[in-house]
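Participant: One structure, as structure tokens, below. Some questions next.
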Amino acid sequence: MSKKVILSGIQSTGKLTLGNYLGAIDNWVHMQEEYDCYYMIANLHTLTVRNNPEELKNNTLKILATYIAAGLNPEKNTLFIQSQVKEHAELGWILDCYTYMGELSRMTQFKDKSAKHADNINAGLFTYPALMAADILLYQADLVPVGEDQRQHLEITRDLAERFNKIYGKTFVVPEAYVRKESARIMGLQDPTSKMSKSATNPNDVIFVEDEPEIILKKFKKAVTDSENKVKFDPENKPGVSNLMQIYASITGKTMEEIENEFEGKGYGDFKMTVANSVIDKLKPVQEKYKQILEDKEYLEKIYTKGAENARKIAAKTLEDVKNKIGIL
Ligand code: ATP
Ligand code: LTN
Numbered sequence: 495m496s497k498k499v500i501l502s503g504i505q506s507t508g509k510l511t512l513g514n515y516l517g518a519i520d521n522w523v524h525m526q527e528e529y530d531c532y533y534m535i536a537n538l539h540t541l542t543v544r545n546n547p548e549e550l551k552n553n554t555l556k557i558l559a560t561y562i563a564a565g566l567n568p569e570k571n572t573l574f575i576q577s578q579v580k581e582h583a584e585l586g587w588i589l590d591c592y593t594y595m596g597e598l599s600r601m602t603q604f605k606d607k608s609a610k611h612a613d614n615i616n617a618g619l620f621t622y623p624a625l626m627a628a629d630i631l632l633y634q635a636d637l638v639p640v641g642e643d644q645r646q647h648l649e650i651t652r653d654l655a656e657r658f659n660k661i662y663g664k665t666f667v668v669p670e671a672y673v674r675k676e677s678a679r680i681m682g683l684q685d686p687t688s689k690m691s692k693s694a695t696n697p698n699d700v701i702f703v704e705d706e707p708e709i710i711l712k713k714f715k716k717a718v719t720d721s722e723n724k725v726k727f728d729p730e731n732k733p734g735v736s737n738l739m740q741i742y743a744s745i746t747g748k749t750m751e752e753i754e755n756e757f758e759g760k761g762y763g764d765f766k767m768t769v770a771n772s773v774i775d776k777l778k779p780v781q782e783k784y785k786q787i788l789e790d791k792e793y794l795e796k797i798y799t800k801g802a803e804n805a806r807k808i809a810a811k812t813l814e815d816v817k818n819k820i821g822i823l
């Protein structure tokens, strides 16, 4: 029996966060043996906000280097850059024409980003989910591992696939979101009521994958908790502590109950140090490997060139089928 197909991606905006790492990449690493995996860098999606061209190029390579450093084996997975497989833009346009304004207007990410970039609410930001659907449907992906914030985009992808299949007969696999419970939504360290985000304004709110151990320690020490001094999982009343527990759980695999017992009678100081050290230990080997890989631009080029070739074979087949069905010569 052939393996199930997985596709996911990360935009090449800014530096990767612990949220991206635990919510996305680390889960992908666990899936590479069992599935046929396609992991891309969504650099076309990145254009929906303003970028410095040099930075965009560098960030694209940095993310690829992080994928590999985190343990995604380029021999086992197809690692590629979205813009290098032209079928994405082409199917993206086609799917635009099957996506309703009403459903796009409901997207939380669109509303959030429009508020954040009020001077640049562009059409790409609005139709973002149709391109994301194209990314997924081109590969007939069964599963899409993402953080909780992307669930809504997965719903629209499913609706589009079903809508298209209904009109033209079975064309796309209808994919499912795969959201891991512990790491689904890592929150900010300073504002534990909103998600840890690359584009946060307060640097103490975010752990970056590149952060040095001292910085990580400092940020965890400053993390917002509460006055109860009791390690207990209660996201509603104790969002700060619960977030730290969630980070610790997703790194160690411990349950919330085990963590509560571990810190029974201990203060937040101890707890924060332990969580910080678990993050430092987790990221250290990734950081070391990352630095090496990033220096070797030839190696990176080889990986993404081969990745795009592999990806194109599958993507071209799906696009051909779509075009035949809708009457595009
Ligand atoms: P921005 O905050 O600038 O919108 P981002 O950090 O959300 O960007 P994306 O490229 O949009 O980055 O997300 C890449 C992947 O990381 C997605 O699967 C997303 O769900 C996941 N992710 C991002 N932030 C978190 C988080 N705080 N917790 C869990 N998963 C996250
Ligand atoms: N929108 C995603 C990035 C992304 C993606 C994808 C994720 C673009 N295309 C396809 C999964 C599958 C985000 O994380 N913000």
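Residues in the sequence shown are numbered consecutively from 495, following my numbering. Glycine included, every Cβ here is placed at the ideal spot set by N, Cα and C. These numbers come from a predicted model, not from an experiment.
1) Do you know offhand how far Lys-607's Cα is from Asn-553's?
2) Give the straight-line distance between the Cα atoms of His-647 and Ala-635, rounded to the nearest whole angstrom.
3) Assign Pro-568 to one of three DSSP states: helix, strand, or coil.
4) Taking 7 Å as the line, does the beta carbon of Asp-629 fall inside it for any heavy atom of the ligand LTN?
5) Helix, strand or coil for Ala-671? Go by DSSP, reduced to three states.
6) Is Leu-516 near the ligand LTN - that is, is its Cβ less than 7 Å away from at least one heavy atom of it?
7) Can you tell me which of the three DSSP states Ser-577 falls into?
8) Unbroken alpha helix (DSSP H) runs of length 4 or more, entirely within the region 633-700: which are they?
9) Could you compute how far the alpha carbon of Ser-772 sits from the alpha carbon of Asn-614?
10) Label Gln-786 either buried or exposed according to how many other C-beta atoms from any shown protein chain fall within 10 Å of its C-beta, with 16 as the threshold for buried.
11) Reducing DSSP to helix, strand and coil, say where Gln-526 ends up.
12) May I have the straight-line CA-CA distance separating Asn-818 from Pro-669, to the nearest angstrom?
13) Going by Cα to Cα distance, which pick from Tyr-784, Met-595, Lys-580 is closest to Glu-826?
14) For the ligand LTN, I want to know if Gly-801 counts as a neighbour, meaning its beta carbon is within less than 7 Å of at least one of the ligand's heavy atoms.
15) Opposite Thr-511 in the DSSP bridges: which residues?
16) Buried or exposed for Ile-535, please, with buried defined as at least 16 other CB atoms from any protein chain shown within 10 angstroms of its CB.
Facilitator: On the basis of the coordinates in this document:
1) Cα to Cα, Lys-607 sits roughly 20 Å from Asn-553.
2) About 14 Å.
3) Three-state result, Pro-568: coil.
4) With a cutoff of 7 Å, Asp-629 counts as near the ligand LTN, since its C-beta is closer than that to a heavy atom of the ligand.
5) Strand at Ala-671.
6) Leu-516 Cβ: outside cutoff for every heavy atom of the ligand LTN.
7) In the structure shown, Ser-577 sits in a helix (DSSP, three-state: H, G or I).
8) As for any alpha helix (DSSP H) of minimum length 4 sitting wholly inside the region 633-700, the runs are 645-662, ordered along the chain.
9) For Ser-772 and Asn-614, the distance between alpha carbons rounds to 39 Å.
10) So Gln-786 ends up on the exposed side.
11) In this structure, Gln-526 counts as coil in the three-state DSSP scheme.
12) Taking C-alpha positions only, Asn-818 is separated from Pro-669 by approximately 22 Å.
13) Since the first residue shown for the chain is 495 and the last is 823, residue 826 is missing from the structure and cannot be characterised.
14) False, no ligand heavy atom lies under 7 Å from that Cβ.
15) BP columns for Thr-511 point to Phe-702.
16) With 16 or more Cβ atoms within 10 Å of its Cβ, Ile-535 is classed as buried.
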